[in-house]
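Novice: Counting in numbering that gives the first Met the number 0, the sequence shown runs from 0 upward without gaps.
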Amino acid sequence: MLQDYLPLFVILVVGFAVALIAVLLGMLFGPRRPTPRKAAPYESGIVPYGPGRRRMSIRFYLVAVLFILFDVEVVFVIFWAAAARQLGWLGFLAMLVFLIVLEVAHVYAWKKGALEWD
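#1: Using CA atoms only, rank isn't needed, just tell me which of Met94, Leu68, Arg58 is closest to Phe78.
#2: Pull up the DSSP beta-bridge partners for Glu42, would you.
#3: Taking 8 Å as the threshold, find out whether the stretch 103 to 117 comes into contact with the stretch 63 to 76 through three or more Cβ pairs.
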């Protein structure tokens, strides 16, 4: 039974090995010329100002969580679409219920003002 997972394990090991080799080669052969300007914080091409730990509005986190929530749900729709013919009408009805619940959540977030960006 564990032999079924061998290809997955090989892919993981090869992926980690390639990433490790890339990092090690960069450290080994890359230039090392540290300067104060390179060590300074950098954000979007703008010199940072103010404290680095200033308070952020909860709206940023709320929008990010809602984006991840609705974005992950799209993955389920993609896999359902790939297997829609094999699932038949029962699969269609299940996806219809899923999308209705998802849209109710979307409308609820919209009505509560979670999607407003003021």
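Where is the CB? At the ideal position from N, CA and C, for every residue including glycine.
Owing to the predicted nature of the structure, the values given are computational and were not obtained by experimental measurement.
Specialist: On the basis of the data shown:
#1: Met94
#2: Ile45
#3: yes
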